[in-house]
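K.L.:
My questions all concern the structure below.
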């Protein structure tokens, strides 16, 4: 598998992925509309904060936080696990193995190709957020926005690689879907998706700071609304990319072990 | 006549149970994962009430009662309503609905009872645990009268939920790609986990009169707490009856238009 070959096929793969995203745009719109959770949490937390601010968050900060959560979720969500799980189960993964591009690269490119569409649907929400909260709700330091891009890339990579790891679990166990479910519950609760990390009790915060979840949603959101200064942001970003590295190594390891066991049933 | 349908219901339930018990390990695991999912609803409440004593006029114990009803109804939705109706959509898409229609029983009854997920019964247990927890927080037990009123309210809530679903399925006769809409429906139903007073006035109006989520969890919780005004009870039951009649009429009209897959 040469890098050169991948580079040559990349534009085509991206075009195919993008065409797919465009072809199923109605479905994608329904998916986007079904992302109601940040808005529900927005209503919930602003109601809690109606009597006074919660820690660092007053009502306007909470509105900014959860609208940013919606955008970050759109930009970083990745459901490639379901496709991978399906293909391992019914053996069609064998078809991918025949192709000259590594299956994981193909999945990754397919996933990234949907980003422009996701970006397009996030723009209206971003505009609404700016109208609702105003410019002062967003980070004002331009360097912070550069870090934000890095954090979005990191968050997306962690999400993708975890999709891969749990997808590889399908080689070993039958109930990998339930494993994903369990992961999703932890992700929902600990990533900052439902509850801003700052609101957790101190002991839990310490644990959460070491786990991968808060780097999937919490960090980009916090950078977006300008909650951290530069040095704090850099420290958190370093941890995020450490997690990218860890999940990358774990992905390569589980894939190698898993593919050796793969038998293409009926494929 | 009623007896015949009852017997039919028992048969259908048994078939689903047998099907479910084939995969016993999954049965347990599914239940476990479901209990785990409840954490996503409970943890925000714990954190919020760690900082505040009341939320939009609701104490922690009272909010738990709403959450209990939400858990119960989610069990009904995912265990009895969703699987059956996913089944109908599949029938309509493939044209095999014909085989249901020629059976000598009411088609709506047949399709509505075709499939159950017995392991969703775990939601009833989880809901009971949440109720007990809630009332322990409140420091008193619900009165018997309140329990009776809440049970009646719940019947109304199930009727409304079911009617909304029949309306969605009827739409499948016209637009085939409906499975996506079920996600949307579930996503909206998620809003029923909080007391409706958490939302602003406009959203509250929508959730009371247009997508009646308040009727499904907030009002039954008030009934169980004994704070539900009598006119709300009457209005809810009236609304449920109206929704049910509408759904039945729309179903009849849609099925009359159904021309099988080839048509």
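Chains as they are written, first to last, in our numbering: chain A, 4 to 270; chain B, 169 to 431. Just so it is clear, CB atoms sit at the ideal spot from N, CA and C, and this is done for glycine as well.
(1) What residue range is occupied by the uninterrupted alpha helix (DSSP H) comprising residue 85 (chain A)?
(2) Only counting the same chain, and skipping five residues up and downstream in sequence, which positions put a Cβ closer than 7 Å to that of residue 226 (chain A)?
(3) Reducing DSSP to helix, strand and coil, say where residue 214 (chain A) ends up.
(4) For a cutoff of 8 Å on Cβ pairs, would you count residue 367 (chain B) as touching chain A?
(5) So, using beta-carbon positions, are residue 139 (chain B) and residue 387 (chain B) closer together than 8 Å?
(6) Would you kindly work out how many angstroms separate the C-alpha atoms of residue 330 (chain B) and residue 280 (chain B), rounded to a whole number?
(7) Below 8 Å between beta carbons is the criterion; list the residues of the region 197-226 of chain A that meet it against any residue of chain B, in chain order.
(8) Quick check on residue 226 (chain B): does DSSP put it in helix, strand or coil?
(9) In whole angstroms, what separates the C-alpha of residue 205 (chain A) from that of residue 364 (chain B)?
(10) Is the shortest distance between the beta-carbon of residue 407 (chain B) and the beta-carbons of chain A less than 8 Å?
(11) Output, in chain order, the set of chain D residues within a Cβ distance shorter than 8 Å of residue 204 (chain B).
(12) Determine, using beta carbons only, whether residue 40 (chain A) comes closer than 8 Å to chain B.
(13) Output needed for residue 305 (chain B): all residues of its chain with C-beta closer than 6 Å, excluding positions within five of it in sequence on either side, in chain order.
(14) What is the DSSP secondary structure of residue 396 (chain B), reduced to helix, strand or coil?
(15) Tell me whether residue 68 (chain A) sits in a helix, a strand or coil according to DSSP, three-state version.
(16) Put residue 57 (chain A) into one of helix, strand or coil per three-state DSSP.
(17) With three or more C-beta pairs closer than 8 Å as the rule, is the region 108-125 of chain A touching the region 195-205 of chain A?
(18) Considering only their Cβ atoms, is the gap separating residue 295 (chain B) from residue 240 (chain B) smaller than 8 Å?
(19) Going along the region 56-72 of chain A in order, which residues come within less than 9 Å of chain B, judged by CB to CB distance?
(20) Helix or strand or just coil, what does DSSP make of residue 104 (chain A)?
(21) Determine the direct distance from the alpha carbon of residue 359 (chain B) to that of residue 374 (chain B), and round the result to whole angstroms.
(22) Classify residue 270 (chain A) as buried or exposed, calling it buried when 16 or more other Cβ atoms lie within 10 Å of its own Cβ.
(23) Determine the closest residue to residue 179 (chain B) out of B:316, B:303, B:403 and B:283, with distance taken between C-alpha atoms.
(24) Distance, Cα to Cα, residue 238 (chain A) vs residue 224 (chain B)?
(25) DSSP three-state label for residue 431 (chain B), please.
(26) Could you say which of A:263, A:60, A:77 and A:53 lies nearest to residue 158 (chain A) if we only look at CA atoms?
(27) Work out the CA separation of residue 93 (chain A) and residue 165 (chain A) for me, nearest whole Å.
(28) Please list the terminal residues of the continuous alpha helix (DSSP H) segment that includes residue 243 (chain A).
(29) Nearest chain A C-beta to residue 351 (chain B) closer than 8 Å, yes or no?
(30) Would you say residue 355 (chain B) reaches chain A, if we count a Cβ-Cβ gap shorter than 8 Å as a contact?
(31) Taking 8 Å as the cut-off, decide whether the C-beta atoms of residue 128 (chain A) and residue 208 (chain B) are in contact.
(32) Report the residue ranges of all alpha helix (DSSP H) runs contained in full by the region 348-413 of chain B; include only those spanning at least 4 residues, in chain order.
(33) Interface residues of chain A around residue 358 (chain B) at Cβ under 8 Å?
(34) With 8 Å as the threshold, decide whether the Cβ of residue 270 (chain A) is near any Cβ in chain B.
(35) Closer than 6 Å by C-beta to residue 260 (chain A): which residues in its own chain qualify, once you throw out the five before and the five after it? Chain order, please.
P.N.:
In terms of the structure at hand:
(1) 83-93
(2) Contacts found: 142, 147, 150, 151, 154 and 236.
(3) The answer is coil: DSSP assigns residue 214 (chain A) none of H, G, I, E or B.
(4) For residue 367 (chain B), a Cβ of chain A is located within less than 8 Å of the residue's own Cβ.
(5) Here chain B comprises residues numbered 169 to 431, so residue 139 (chain B) is not present and cannot be evaluated.
(6) 9 Å
(7) 197, 198, 202, 203 and 204
(8) The answer is strand: DSSP assigns residue 226 (chain B) an E or B state.
(9) 30 Å
(10) So, not an interface residue.
(11) Absent here is chain D; the protein component of the structure consists of chains A and B.
(12) yes
(13) 228 and 229
(14) coil
(15) helix
(16) strand
(17) no
(18) yes
(19) 57 and 58
(20) Under the three-state reduction of DSSP, residue 104 (chain A) is assigned to coil, being neither helix nor strand.
(21) 12 Å
(22) Summary for residue 270 (chain A): the model assigns pLDDT 43, below 50, so the residue's position carries little reliability, and this model does not support an answer.
(23) B:283
(24) 38 Å
(25) Caution is warranted here: a pLDDT of 43 is assigned to residue 431 (chain B), below 50, making its placement in the model unreliable, and the coordinate value is therefore given only provisionally. Correct three-state label for residue 431 (chain B): coil.
(26) A:77
(27) 21 Å
(28) 233-264
(29) yes
(30) Yes, residue 355 (chain B) counts as interfacial toward chain A.
(31) It is not a contact, given that the beta carbons lie outside the stated cut-off.
(32) 369-373 and 387-393
(33) Near residue 358 (chain B) (Cβ distances below 8 Å), the residues of chain A are 39, 40 and 43.
(34) Caution applies to residue 270 (chain A), whose pLDDT of 43 falls short of 50 and renders its modelled position unreliable; the value that the coordinates give is listed next. Contact of residue 270 (chain A) with chain B is not assigned, every C-beta pair being separated by 8 Å or more.
(35) none
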